[in-house]
Each structure stands twice: as C-alpha cells, then as structure tokens.
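Undergrad: My structure is below; once you've seen it, I'll send some questions.
In the working numbering, the protein residues as written are 317 to 554.
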C-alpha cells in the first residue's frame, strides 16, 4: 500500500473544518501513512509548537513512531535546553547537525547558503540514514506567504512522500491543542516569539505574519530555510 498524493483546495479545508474535525483528519492521515510505510515513516521535529503537535499526534497513532531533530550551532540556549528535555523523554528522536566549519558571519552575508549547510544538509542525511520513505512535518499553509502552495500529501522528491498532517490548522488551533493535551513547548514562546529559528535570524515583531520575524533585513525575510523547498533525496554512503 502506498499513500496517494493529494490535490485539494487547502484554503477551503482551513475555513470549512472545525477544530475537532481537523484533529481527526490529522490523526487519520498519520495513521494511514503509518500503515503504509511502518518504520519508514519518520517525523521531522523542529522543536517548534507545530512540531510538538505533530509529534503528539503521531504518538497517539503509535508509540513506536520515530523522528529526527535538526539543530544548528546558532540555536538559542532555550531551544537547546528544550531539545535536551525532549530527547531525554523520547530517545527515539535522533539529533542531526552539521558541525563542519563555515565562514564567520555567513548567516549575514549568505543566509541561503548558511541554511543549506546547517539545516538542509543534515535533513538530507537524516532521511538517508533513517531510510525514510515518508517524512512527517509540522508545516501549515496559514503560517506565511511561502507556505500556501503545499498539499497534505506530496511527493516533491521521487520516492519520498512528504506528509503535512496539520497543513490546514490555524495558529489558534495549534495553541488550543497544546493546551488541551498539556504538551510542553519551547519557553521562547512565552517571551513573544511566534516562529523559532536560529538566534541571529529570529526576532520578535509586531507584524501580522507568524514568520515575519525570520531573517529580517535579508531577501529571505519571512521565507524558508530550504528543507521544504529543495531536493532532499541525495545518495549518501551509509
């Protein structure tokens, strides 16, 4: 059994379904994918609020579901501490990073390359080493201008299914789920952050968009690190 790629009116689903219906839909999407791919279904946990929801949903489907975290040398200390607590509770979350030297200040001079090296490359390695056939993300269509053309089930890389089970959730519904289920979150949210990334490239803003505080002052402002937009199926010698 293989999960079929979907093409649906995402905007309609965002507004038409209520919170309970969205939760049920997300659980069904993960359950069907897990039945299709088993251990080759893996959750990508960013340590953000959306990933916390997806991880909790996945664990409701099966406690055996695994995941990976990509971290960088520039993550805030609060995020690093939250990661340590999360991995201590869920040792089935494998941590990946790229610790190779990079030019100093690369996040200022070439943020795209910085993200490519520190985020995209470890994601590619995780997918290869964990033999992933279906990776599960916390991406949402209402989160920012760069996330409106995604589908709940996609195949952007041949042979690699991407499942976005909370794609149609709104920010309010994320916080509703976290509160109802008492899911721990990164303490940076309590300080006013709405989207979390590396410390030099993430700010608290009064802008309406959730991701407007990312990469301020660069061409990437409010944009993407690349893991959702660049090829991830790379041949590695395992």
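Beta carbons: idealized from backbone N, C-alpha and C, even for Gly.
These numbers come from a predicted model, not from an experiment.
One question on the structure: do residue 477 and residue 450 come within less than 7 Å of each other, judged by their Cβ atoms?
TA: Translated into the one-based positions of the chain shown, residue 477 becomes position 161. Translated into the one-based positions of the chain shown, residue 450 becomes position 134. In this structure, residue 450 lies closer than 7 Å to residue 477 by Cβ.
Undergrad: Less than 6 Å separating the Cβ of residue 472 from some heavy atom of the ligand HEM?
TA: Here there are no bound small molecules, and the ligand HEM is not part of this structure.
Undergrad: Comparing alpha-carbon positions, which option in 338, 373, 520, 434 lies nearest residue 543?
TA: Within the chain shown, residue 543 is the residue found at index 227, counting from 1. The option with the nearest alpha carbon to residue 543 is 434.
Undergrad: Is it buried or exposed, residue 317, if we count other Cβ atoms within 10 angstroms and call 16 or more buried?
TA: Reading the chain shown from its first residue, position 1 is the one you call residue 317. Low per-residue confidence applies at residue 317: pLDDT is 47, beneath 50, and the placement is therefore not dependable enough to give any value.
Undergrad: Under a three-way DSSP split, which group does residue 448 fall into?
TA: On the chain shown, position 132 is the one that residue 448 refers to. Coil.
Undergrad: What does DSSP give as the partner residues of residue 518 in its beta bridges?
TA: Start at 1 with the first residue of the chain shown, and residue 518 comes out as number 202. Answer is 530, bridged to residue 518.
Undergrad: For residue 385, which residues does DSSP report across the bridge?
TA: Reading the chain shown from its first residue, position 69 is the one you call residue 385. Answer by DSSP bridge pairing, in chain order: 411.
Undergrad: Using DSSP bridges, identify the partner residues of residue 473.
TA: Here residue 473 refers to the residue found at position 157 when the chain shown is read from its first residue. Answer by DSSP bridge pairing, in chain order: 476.
Undergrad: Would the beta-carbon of residue 365 fall within 7 Å of that of residue 501?
TA: Residue 365 sits at position 49 when you count from the first residue of the chain shown. Residue 501 sits at position 185 when you count from the first residue of the chain shown. Result yes, Cβ atoms of residue 365 and residue 501 sit closer than 7 Å.
Undergrad: Let me know if residue 417 comes out buried or exposed under the rule of 16 or more other beta-carbons within 10 Å of its beta-carbon.
TA: By 1-based counting over the chain shown, the position of residue 417 is 101. With fewer than 16 Cβ atoms within 10 Å of its Cβ, residue 417 is classed as exposed.
Undergrad: Whole angstroms are fine: how far does the CA of residue 539 sit from the CA of residue 457?
TA: Start at 1 with the first residue of the chain shown, and residue 457 comes out as number 141. Start at 1 with the first residue of the chain shown, and residue 539 comes out as number 223. Their backbone Cα atoms lie some 13 Å apart in a straight line.
Undergrad: Using only alpha-carbon positions, find the residue among 393, 422, 426, 487 that is nearest to residue 524.
TA: Taking the chain shown and counting its residues from 1, one reaches residue 524 at position 208. Comparing Cα positions, the closest option is 487.
Undergrad: Mind the definition here: the segment 375-391 touches the segment 403-422 only if three or more C-beta pairs lie below 8 Å; say whether that holds.
TA: As far as the Cβ criterion goes, the segment 375-391 touches the segment 403-422, which means the pair count is three or higher.
Undergrad: Which residues in the same chain as residue 403 place their Cβ atom closer than 8 Å to its Cβ, once the five residues preceding and following it in sequence are excluded?
TA: For the purposes of this step, residue 403 is taken as residue 87 along the chain shown, with counting starting at 1. Result list for residue 403: 385, 409, 411, in chain order.
Undergrad: On the DSSP letters alone, give me the boundaries of the alpha helix (DSSP H) that residue 360 sits inside.
TA: In the chain shown, counting from the first residue as 1, residue 360 sits at position 44. No alpha helix (DSSP H) contains residue 360, which is instead part of the beta strand (DSSP E) from 357-360.
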